[in-house]
Amino acid sequence: AWLHKNREKPPSDVPLLVKDWEKPHSPNLSGTDAAHVPLGHVRHGGRRAPATGDYEAWSPE
978 AWLHKNREKP PSDVPLLVKD WEKPHSPNLS GTDAAHVPLG HVRHGGRRAP ATGDYEAWSP
1038 E
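Heads up: the sequence shown begins at 978 in our numbering, then just goes up one per residue.
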């Protein structure tokens, strides 16, 4: 913000106000064992639940 002249001083001098709706920072877990992996992924056995058949594909008329 101070680089764009929205504030006079950098956040290191005057900390930003924390809003009550803000969540604490969580690190990016990509590439770690804690990363999200969908159910059909190889790490989960590579199997997904079969299709239920309730889907109708759209086709142009």
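Note that the Cβ used here is the ideal one computed from N, Cα and C, for glycine as well. Just so it is clear, the structure is predicted and the values come from calculations on it, not from any experiment.
Cut-off 7 Å between Cβ atoms - residues of its own chain near residue i, not counting five sequence neighbours on either side
i	result
residue 1035	none
residue 1007	none
Other residues of its chain near residue i: CB distance less than 8 Å, five sequence neighbours each side excluded
i	result
residue 1017	1023, 1024 and 1025
residue 1011	none
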